[in-house]
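Engineer: Structure incoming, see below.
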Amino acid sequence: MVEHRHHTRVRLRPPRNSVDPRARRWWTVQSLVTVSGPLLLTALTLFVLSLLFFPGALPWLGPLLLVVLVLPALAYTLTMPGWRYRVHAWELGDTAVYAASGWFWQKRRIAPLSRVQTVDTGRGPIQQYFGLATVTVTTASTAGDVKIAGLSDADARLLAERITAAARTVPGDAA
Amino acid sequence: MTGRDTDGWRSLDARTLLVHCAWMAAPLGSLALTALATGGDLDLRGWITLGVIGVVFAVITTAGFVTWSRTRYRVTGDSLELRTGLFTRRLRSVPLHRVRNVDLTANPVQRVLGLTVLRAGTAGSAGGRSELSLDALSRPEAVRLRAELLARAGAVSAQDPVLATADPRRLRYAPLTFWVFGGVFAALGAVWRVFDGIGIKPWRIGFVRRSFEEFGHSALWLTVPLALLAVVVTGVIGSVLLYAENWGRYRLEWTDEATLGVRHGLLTTRSVSIERARLRGVALREPMLLRAGGGASVRAVAGGLGNREENRKRSAVLPPASRAEALRVCAGVLGEEVPTDGLLPHPRVALRRRVVRALTWCVLPPTVALAVLGWLLTPVLLYCAAGYALLATPVACHLARDAYRALGHAVRGRHLVVRSGTFGRETVTLRRDAVLAWTFSDTPFSRRSGVVTVTAGVAAGEDGYRIRDMSATEAAGFADTATPGIVTEFLDGSPLADHPRNASDEARI
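Going down the list, the sequences are from chains A and B. For the first sequence, the residue numbers in the UniProt record's numbering are 1 to 175. For the second sequence, the residue numbers in the UniProt record's numbering are 1 to 509.
Written as structure tokens, this is what we have:
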């Protein structure tokens, strides 16, 4: 039985490269399309309906809509992209690929190049508009897939090529 | 019978055709009973039924015969090949070195006929999974073929073969599962849905209503405990029967040096082979009720057993049994004894986080809801709110403390041991060299508390095994100790770390 010796107080440093600044705008649009937009539309619809048919309900419905739908939607759209941009980062080391993602829940993942199975580059419609791409490095485990979102097209291509090349030179067992 | 033609192609067992006819048993049986009751005098409806059965029989048998006659398989030097199809011929080929497990299963009809379905699974990565199934072979042929396939899949060192066999004394752990209560309610729900489906409302049935009015209403203090007792008794009987069916004739053994074989099932035999090379560790599972009874069950952490759901079903290597036996099986599966006690505890702040979580999610919402309702409607509910808070708080705190005590991690030789959970406690022992990625996740709250949840990614079992609420100052060092090399170059203080850092990243940690 081997008792383990801890490295005393070593910390993981953040990855060196931040993502493309345009990613902030992409995330803003994405937040409007997926979360904030629907919330604001719902609020507007309810407000108009109430204005037309139940004006008496406005004194309590107005503030309720504001607190439950409008403010959260605005807060999300205003804070999430910037926060996310500060968090998202990536780095291709000599033996492993390292990426940080998320905003409130943050995730830093490190997968050795010797375990890389495939490298995918994906571009969604909004991403295409901003000239961005997402690089996904897959391993044999879903808990080992590293996703780097918000790279510029050129960076993504370069990174994908470098990872593929590095994965080929590092001896590995991808199984 | 297994026919052979040129080039080693073999056909499936012809008795498979009979399996397709099994469905006829019910209609033919009822028809025979009718005939018996009427003295062999079938009316028009009887003849029509017989005719329909005959036609369907002919169609199914023809289809079955065509499928059977056009299906061939063979084992070549390096692959298992299956040829199927009438108009579009398909040839599927699985390289033998990629075969990860070979399952033999048989449903009751197939068992009577002496048939077995052989499934050869390969290591399908991330979703796409290829499996080749031979439905069905004669039992000796299936056993022989499995041995042949597994022998070609590679071999490692030997060990004592049989790890555990069926033991009726284990039945006493059967009632200590969720199914004691869950099963009864699931069954009641099913019955209710059947009634609902055919438009019967159970409370409208005179018998039910009368008994409720006469008995239930007047003596509620008697009915409620009696009903509970009935549920428990039914649940206990049901769970014991289920356990017996599922785990009768159980046998766990190293069928050869490189293959762990699990066989169980009284009526439907289930047998799973796990290749040693794909075995990444074991999980000792102690759900709350089972733990209270001193029991535990064991699951293998292995790859190549199918998707997540199938993996859960097929990876069980020991049913609920005594804890000592579970530990023994763990050691047998791992090939060495890995102590799971004396793990490193997690920081005290993890306890506070658990208490806060238990109070905010389990105690606070019902108390507030009751209090608000009480304030609006009737003061009785206010007392209920106070009572709930008084009762639930100690329970929640106790559970939180239990959850905290469960937390632990350690590096033990070639393995990594992680424990967590209060309702479903799990102690996972993983091979260190199986860890293929590390993930560190946190939130603003956990960062303020100085803890981080670390996930070890493996290509087996649940894919990711979490070490919850580790001290943030120790997490990276622990990952580095457990798997030297993976995280090293990203640690502060490593020779690579003194480059200027991105300004945008400065704000973190």
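Note that beta-carbon positions come from the ideal geometry of N, C-alpha and C, so glycine has one too. Since the structure is predicted, the reported quantities are computational estimates derived from the model, not experimental observations.
1) In the DSSP assignment, what residue or residues form a beta bridge with P81 (chain A)?
2) Taking the beta carbon of F53 (chain A) as the centre, do at least 16 other beta carbons fall within 10 Å, making it buried, or is it exposed?
3) Can you name, in chain order, every residue of its own chain whose Cβ lies under 6 Å from the Cβ of T269 (chain B), other than the five neighbours on each side?
4) In three-state terms, what does DSSP make of V97 (chain A)?
5) P465 (chain B) by DSSP, collapsed to three states: which one?
6) Report the neighbours of P112 (chain A) on chain B: residues whose CB is nearer than 8 Å to its CB, in chain order.
7) Starting from D433 (chain B), trace the alpha helix (DSSP H) in both directions and tell me its first and last residue.
8) Got a sec: is the Cβ-Cβ distance from T139 (chain A) to anything in chain B below 8 Å?
9) So, does the CB of V67 (chain A) fall closer than 8 Å to a CB anywhere in chain B?
10) Is the Cβ of Q128 (chain A) closer than 8 Å to any Cβ of chain B?
11) In angstroms with no decimal places, state the Cα-to-Cα distance between M24 (chain B) and T34 (chain B).
12) Under a three-way DSSP split, which group does P484 (chain B) fall into?
13) Starting from the C-beta of G421 (chain B), find all residues in its chain whose C-beta is less than 6 Å away, skip the five residues before and the five after it, and write them out in chain order.
14) Kindly indicate which three-state DSSP category Y243 (chain B) falls into: helix, strand or coil?
15) I want to see whether chain A comes within less than 8 Å of R353 (chain B), judged by CB atoms only; does it?
16) Could you tell me which residues DSSP puts in a beta bridge with Y73 (chain B)?
17) Run through the region 17-68 of chain A for me and flag every whole alpha helix (DSSP H) of 4 or more residues, listed as ranges in chain order.
18) So, do the region 418-435 of chain B and the region 114-128 of chain A have three or more beta carbon pairs nearer to each other than 8 Å?
19) Check each residue of the region 100-120 of chain B: if its Cβ is closer than 9 Å to any Cβ of chain A, include it; give the result in chain order.
20) I'd like to confirm the pairing. Which residues does DSSP put opposite R285 (chain B) in its beta bridges?
21) Do you know how far the Cα of R354 (chain B) is from the Cα of A26 (chain B)?
22) Quick check: what's the CA-CA separation for R251 (chain B) versus S138 (chain B)?
23) So does the region 122-130 of chain A actually touch the region 161-168 of chain A, counting three or more Cβ pairs closer than 8 Å?
24) The region 69-97 of chain A: which residues have C-beta closer than 8 Å to a C-beta of chain B, in chain order?
25) Roughly how many whole angstroms lie between the Cα atoms of R10 (chain B) and V75 (chain B)?
26) If the cut-off is 8 Å on Cβ atoms, which residues from the region 294-310 of chain B count as contacting chain A, listed in chain order?
27) Would the beta-carbon of E131 (chain B) fall within 8 Å of that of A147 (chain B)?
28) Looking only at its chain, what residues have a beta carbon closer than 6 Å to the beta carbon of E81 (chain B), apart from the 5 residues adjacent to it on each side?
29) Quick one: list the residues of chain A neighbouring G464 (chain B), beta-carbon separation under 9 Å, in chain order.
30) Can you tell which of A:Y76, A:S50 and A:T77 has its C-alpha closest to the C-alpha of L64 (chain A)?
31) Helix, strand or coil for G189 (chain B) per DSSP?
32) Check each residue of the region 251-269 of chain B: if its Cβ is closer than 8 Å to any Cβ of chain A, include it; give the result in chain order.
33) Closer than 8 Å, Cβ to Cβ, to anything on chain B: give me those residues from the region 9-26 of chain A, in chain order.
34) If you measure from the beta carbon of D341 (chain B) to each beta carbon in chain A, is any gap under 8 Å?
35) Return the residue from the list B:R193, B:N246 and B:R263 that minimises the CA-CA distance to S271 (chain B).
36) Less than 7 Å between the CB of P161 (chain B) and some heavy atom of the ligand COA, yes or no?
Structural biologist: Looking at the atomic coordinates:
1) According to DSSP, which records beta bridges pairwise, P81 (chain A) is partnered with nothing at all.
2) exposed
3) A106
4) strand
5) For clarity, residue 465 (chain B) is Tyr in the given sequence; the question names Pro instead. Reduced to three states, the DSSP call for Y465 (chain B) is strand.
6) By Cβ distance, chain B contributes L436, A437, G485 and I486.
7) In this chain, D433 (chain B) is not harboured by any alpha helix (DSSP H), its DSSP state being neither H nor E.
8) Nearest CB-CB separation between T139 (chain A) and chain B: below the 8 Å threshold.
9) no
10) no
11) 15 Å
12) coil
13) A406
14) In the structure shown, Y243 (chain B) adopts helical secondary structure according to DSSP, grouped into three states.
15) Answer no: the Cβ-Cβ gap between R353 (chain B) and chain A never drops below 8 Å.
16) B:R10 and B:L82
17) DSSP runs (the alpha helix (DSSP H)) wholly in the region 17-68 of chain A: 22-31, 37-53 and 58-65.
18) no
19) Flagged: no residues at all.
20) B:S297 and B:E426
21) 56 Å
22) 21 Å
23) no
24) Y85, R86, V87, A89, E91, G93, D94, T95 and A96
25) 9 Å
26) Residues passing the 8 Å Cβ filter: G303.
27) E131 (chain B) places its beta carbon 8 Å or farther from that of A147 (chain B).
28) R74 and S93
29) S141, T142, A143 and G144
30) Of the listed residues, the one whose Cα sits closest to L64 (chain A) is A:S50.
31) helix
32) Residues of the region 251-269 of chain B with a C-beta atom less than 8 Å from some C-beta of chain A do not occur.
33) Of all residues in the region 9-26 of chain A, R9, V10, R11, L12, R13, P14, P15, R16, N17 and S18 have a Cβ within less than 8 Å of some Cβ in chain B.
34) no
35) B:R263
36) Looking at this structure, you won't find the ligand COA or any other ligand, since it has none at all.
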